[in-house]
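Scroll down for the structure; my scribbles are underneath it.
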Amino acid sequence: MEIKLSIPAKIVSKILKWMTRLDLSRLVFAFALIISISGIVYSFQHDIIVSYGDAESHLNIAKRVVHSLTPGMAQLGGIWLPMPHILMLPFIYFDQLWRSGLAGSIVSGISFVVSSVFIFKLTELITKNKSASFFTFLVFATNPNLIYMQSTPMTELTLIVFFILSSYYFVRYLLNTDDNLSLIMAAFFGFCATLSRYDGWFLVGVEALIIALIHLKKKIIPISVKGEGQMFLYITVAFFGIVSWLGWGWIILGDPLYFTRSQFSAKSQQQGWLAHGQLPAYHNLLLSFLYYLITSMSNVGILLFFVFMVGLFKYLSDSGQVRRYSIAFLMMVPFIFYVVTLFMGQSIIFTPHITPISFDWRLFNVRYGLMMIPAAAFFIGFLFFKSGWPARALLIFLFLAQFGLYYIGYSKVVTFEDGWVGLSSARRPDAERWLAKNYDNGLVLMDDYSRTFSVVRGKIPMQNIVYIGNKPYWEWALAAPQNHVKWVVLQSNDTVWKNLFSTEEQQGRLYKYFKKVYTSDEILIFERIADQ
Amino acid sequence: MALIILPLLMIAIYVFTIKGVVGNPVPLDFKNNLDQAAKPLELSPERGRFALTMSIVENGTFALSQTLADAVYPDVGYYGGNFYIFFAPGISVLAAPLYMLGSKFNLSQVASFSLSAIFAVLNAVYIYLISKWVFKLPPWAGLFGSLVFSFGSTAWAYAVTLYQHQATTFFILSAFYSAWKYRQKGKWSWLHAVWVWSAAGLAVAIDYPNSLFMIPVLTFFSLSSINITKYKQKINFSFRPLIIISSLAFVILMVIHGYYNYVHFGHPMRLSGSIVGYKAIKEKQLLGTQESKESIDKLAENKNPVSYFSEEKFPMGLTILTVSPDRGIFLYSPIYLVGILGVILAIRKNRSLETSILVANILTIVFLYSSWGDPWGGWAFGPRYLIPALGILSIFIAFSLSYVRHFIFRIITFLLFIYSSAIAILGVLTTNAVPPRIEAVALNSGYNFLHNWIFFKDNHSSSVIYNTFFYKKISLLYYALPIYSVILILAVIFLFILPRLEKRHGN
Chain C
0 MEIKLSIPAK IVSKILKWMT RLDLSRLVFA FALIISISGI VYSFQHDIIV SYGDAESHLN
60 IAKRVVHSLT PGMAQLGGIW LPMPHILMLP FIYFDQLWRS GLAGSIVSGI SFVVSSVFIF
120 KLTELITKNK SASFFTFLVF ATNPNLIYMQ STPMTELTLI VFFILSSYYF VRYLLNTDDN
180 LSLIMAAFFG FCATLSRYDG WFLVGVEALI IALIHLKKKI IPISVKGEGQ MFLYITVAFF
240 GIVSWLGWGW IILGDPLYFT RSQFSAKSQQ QGWLAHGQLP AYHNLLLSFL YYLITSMSNV
300 GILLFFVFMV GLFKYLSDSG QVRRYSIAFL MMVPFIFYVV TLFMGQSIIF TPHITPISFD
360 WRLFNVRYGL MMIPAAAFFI GFLFFKSGWP ARALLIFLFL AQFGLYYIGY SKVVTFEDGW
420 VGLSSARRPD AERWLAKNYD NGLVLMDDYS RTFSVVRGKI PMQNIVYIGN KPYWEWALAA
480 PQNHVKWVVL QSNDTVWKNL FSTEEQQGRL YKYFKKVYTS DEILIFERIA DQ
Chain W
0 MALIILPLLM IAIYVFTIKG VVGNPVPLDF KNNLDQAAKP LELSPERGRF ALTMSIVENG
60 TFALSQTLAD AVYPDVGYYG GNFYIFFAPG ISVLAAPLYM LGSKFNLSQV ASFSLSAIFA
120 VLNAVYIYLI SKWVFKLPPW AGLFGSLVFS FGSTAWAYAV TLYQHQATTF FILSAFYSAW
180 KYRQKGKWSW LHAVWVWSAA GLAVAIDYPN SLFMIPVLTF FSLSSINITK YKQKINFSFR
240 PLIIISSLAF VILMVIHGYY NYVHFGHPMR LSGSIVGYKA IKEKQLLGTQ ESKESIDKLA
300 ENKNPVSYFS EEKFPMGLTI LTVSPDRGIF LYSPIYLVGI LGVILAIRKN RSLETSILVA
360 NILTIVFLYS SWGDPWGGWA FGPRYLIPAL GILSIFIAFS LSYVRHFIFR IITFLLFIYS
420 SAIAILGVLT TNAVPPRIEA VALNSGYNFL HNWIFFKDNH SSSVIYNTFF YKKISLLYYA
480 LPIYSVILIL AVIFLFILPR LEKRHGN
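For the protein sequence lines, the chains are C and W, in the order given. Under numbering that gives the first Met the number 0, read the first sequence as residues 0 to 531, first letter to last. Under numbering that gives the first Met the number 0, read the second sequence as residues 0 to 506, first letter to last.
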């Protein structure tokens, strides 16, 4: 026995024609905007925008450019690249946006929306298929890790948007190497990426390499004249950011490699972990590979990650795809970058999937895996394009099943977990609450690098903080605090502590002019006696 | 003919290797006797299931007595003043008739354990049927696939004791085959449809994760009920309502199961695995105290069986199940590398819905148990959780053999089979109580089949036939050799002789 139903073929083909005429990019934009705003509202209502310690640091860097004891572009510092902070400037001016973190959310949110549109366009460029491209967008934009991070002032979304934009135009160039405008656009967005995160440096290096490789000739001259010209055009624009940053380090901080050599650099921090024997991927290629593989997997979603692997394999084995190796190489840039940096000890990741239980922390920097979400979305979309309807139904099922895994708690939103309970989470010491309640006015001396407490959550205006970036006030305040600051905040063994409280003589001098008004195991707060 | 001879040989081999003791054990026989290594109730999973069977038959109840609860500890839960095993009750219920029959011959325990052997024989038959009829593979390839699963994998060690693995494999394979028969729209489609649903319901009753493992087969079943045909002027959709009508079988089984849960645990959806453990109560000394009920309820609130599965455990779990020295399938049964090759070949050359469903089934099992907090399966012989996946992968061994016809390939397959079946026989004749490496190191014990080798050398066997009739007469080695030889002879016949005969008849 069977129940039968017939539909005239004309109706079906009318529906299909209507769907192909749809301007999906507007729909993508609208959906992305709704998702972004919803994510930001949710994070704002639950007070999780500034969960990451780094999130506050990024906000404060931008804030100091406009409001500081010594405002100016020099406050951008020399470790983190400046683009995300520069983009925050129009919003950070307003204290409410600064303290709530929304100044950063706006930048990340806009980056998210633009990324969504261009990952859709990138897939459409390769597949010429709207449904596959829309599926790519869905995989990208509904990723919970991405939705959370785009509501925060972290820098990942800034990098992702420039990575996608640069890749999109670069792929346009690869598909038509006479398209110099696309090459310039790719270079420009590459330049922006180089000023967002160091991953961007690797991106432009790879793009330059690809240009060289596609123009290689097997004759006496290794590269064609056209290739040479395009290479110089590209490098001039794309690498300008790197050159500028090195110049910045040299001029402002006295060392072009300040970002990697200074005591505040990631490399220096990693040395501490290495000394403890807790830098597992250092000089271990297999572990470096596994750490980043698993981190990517936990960000993309375990089911979708396997689909991504199948899609990548499918793409590489499809001889009909133009420049498939170059494009795949480009999309996998973040993966290679992080494996290399883990191997070199320039970065560190802890993930509970493989970090030993004996380690002090087992959740740290897992957000680095976000960078693989664009690649995953692209290859999943490609697989969708290449599949018949039964396989597409399976892909849709797996996409929905992934949400099921989040819902039952099998998979966690690791970027949120890291910011909430991982090593990346901001501390909320009691001293913060005390100072918020008792601060009235006056300059506050504190070592911002050690993140004693949250400035955004307190009442202290940024221009009343004296920190290492406020030269010469910092040096003056360390030499004679009683003449320059009303409050001194010390955390055990931070720079202020070492200069004012580590010896009896120093303590004596401090107590002469200041009274201790707050005590805890780690943090002491002093108020100038003359002001009491 | 093969379908008669092979099962008979299998039954004979299972008889010679079934774990047990002569007699009808009583609860007091469990502790410090039958729960020792190489004894039939050496581990809590079979001890618990057998205890429940005993309870059902002897006492007419699903609750365990205090003596049995102490014997089955720690896989015992506590609810409403009663003790229950943590496991789903299905295996114990199915074993009850065999227990009753066996007790008449002073073999209640042995007869109960034969339940797994019955399922194992049926699994071998289904592997053959699916290879031959669904995928049109040569019969000799299907026979070899059956042989590999039965005697070349760690499934053998669990065909002679009371675990859920062979039964799970049976329900998956039989449901798949029935769904395929249903798809053919034959005269008995309705019966096959009823069986698919029944298998799903029974599978859940024997082990709760089976609710996930049956999804691919049920998907296959559903897709087989829908047909879309494109013509020039129209598109036809057709739907077979038999799938809905036959689902009554599943509904009835679920209602019975829900009623069981309601009567014993207070709610139809409360599973035995979610009640408070006897271990927790014992450690907190809550039994018999006035505050106990509230405290026990509080302990139960914290227990969520779903939380035992998590993504964080996946990488380590997958490593343990595949390549670890204590449970890695490719260490115990490297013949399954041929199965992996078969999966790849099948995806490339036979990209049918049937292939996809079976591959999806394997992946579902591997995925779930890699995410489980205890991929080792406690103390166990080999990766026991993968047994249902091995049953399906054995079909893909048949694929490999039918696509790769080189003689050298069959030699390699045979060599891998020699090794795999040697490991399998080592396990089935000795003990399943092999600790994970992490525990073994602390106990200064072995942690894989090398631990079994020590038992083997000492003639320390779990086989009821050996212990009853041969222990004082011959060594375990001489007992194993004829069994092993029969298996290898069968392998030679299936791999080398039958293909030659097929070729000759083909020419």
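Glycine residues also receive a C-beta, built at the ideal position from the N, C-alpha and C atoms.
CB residue i to CB residue j, shorter than 8 Å?
i: C:Y466; j: C:D493; result: no
i: W:E310; j: C:Y409; result: yes
i: C:L23; j: C:F133; result: yes
i: W:S115; j: W:L190; result: no
i: C:L145; j: C:I183; result: no
i: W:Y87; j: W:Y98; result: Contrary to the premise, residue 87 of chain W reads as Ala rather than Tyr in this sequence. No; because the gap between Cβ atoms is not below 8 Å, this pair is not in contact.
i: C:G391; j: C:E431; result: Reading the sequence as shown, one finds Arg at residue 391 of chain C and not Gly. No; because the gap between Cβ atoms is not below 8 Å, this pair is not in contact.
i: W:Y83; j: W:L106; result: no
i: C:S195; j: C:M82; result: yes
i: C:N440; j: C:L68; result: no
i: W:V463; j: W:A379; result: no
i: C:M72; j: C:V64; result: yes
i: C:F328; j: C:I209; result: yes
i: C:V365; j: C:N298; result: yes
i: W:F143; j: W:A490; result: yes
i: C:P351; j: C:L369; result: no
i: W:S173; j: W:A198; result: yes
Taking only beta-carbon positions, decide if residue i is within less than 8 Å of chain W.
i: C:S66; result: Note that residue 66 of chain C corresponds to His in the displayed sequence, not to Ser. No, its Cβ sits nowhere closer than 8 Å to a Cβ of chain W.
i: C:S5; result: yes
i: C:E416; result: no
i: C:M371; result: no
i: C:H352; result: yes
i: C:Y314; result: no
i: C:A571; result: Chain C is shown only over 0 to 531; residue 571 of chain C falls outside these bounds and no answer can be derived.
i: C:P389; result: yes
i: C:E1; result: yes
i: C:V11; result: yes
So, does the CB of residue i fall closer than 8 Å to a CB anywhere in chain C?
i: W:R239; result: yes
i: W:N235; result: yes
i: W:S370; result: yes
i: W:L51; result: no
i: W:G19; result: no
i: W:F219; result: no
i: W:L352; result: yes
i: W:K180; result: no
Measure the beta-carbon distance from residue i to residue j and round it to whole angstroms, keeping in mind my assumption that it falls under 8 Å.
i: C:F525; j: C:V487; result: 4 Å
i: W:L428; j: W:T16; result: 6 Å
i: W:S401; j: W:A123; result: Actually they are not in contact, since the Cβ atoms of W:S401 and W:A123 sit about 18 Å apart, beyond 8 Å.
i: C:G204; j: C:H214; result: The Cβ separation is near 16 Å, so there is no contact.
i: W:S511; j: W:W187; result: Since the displayed chain W opens at 0 and closes at 506, residue 511 of chain W lies outside it and no answer follows.
i: C:Q481; j: C:Y512; result: 4 Å
i: W:S370; j: W:P39; result: Contact flag wrong, Cβ pair sits at about 31 Å.
Could you pull the start and end residues of the beta strand (DSSP E) that residue i belongs to?
i: C:Q490; result: 486 to 490
i: C:R527; result: 522 to 527
i: W:Y307; result: That residue, W:Y307, is in no beta strand (DSSP E); it is neither H nor E in DSSP.
When you compare each of the options to residue i by their alpha carbons, which one comes out closest?
i: C:Y257; options: C:Q269, C:W244, C:I91; result: C:W244
i: W:T363; options: W:A95, W:L146, W:I171; result: W:I171
i: W:G19; options: W:L33, W:M9, W:I10; result: W:L33
i: W:S224; options: W:N360, W:I473, W:A178, W:I205; result: W:A178
i: C:I356; options: C:Q277, C:F238, C:Y314; result: C:Q277
I need the boundaries of the alpha helix (DSSP H) containing residue i, first residue and last residue.
i: C:P333; result: 332 to 343
i: W:K186; result: Where W:K186 is concerned, there is no enclosing alpha helix (DSSP H), given that its DSSP letter is neither H nor E.
i: W:F236; result: W:F236 -> not in any alpha helix (DSSP H); beta strand (DSSP E) instead, spanning 233 to 238.
i: C:S5; result: Segment 2 to 7 is the beta strand (DSSP E) holding C:S5; no alpha helix (DSSP H) there.
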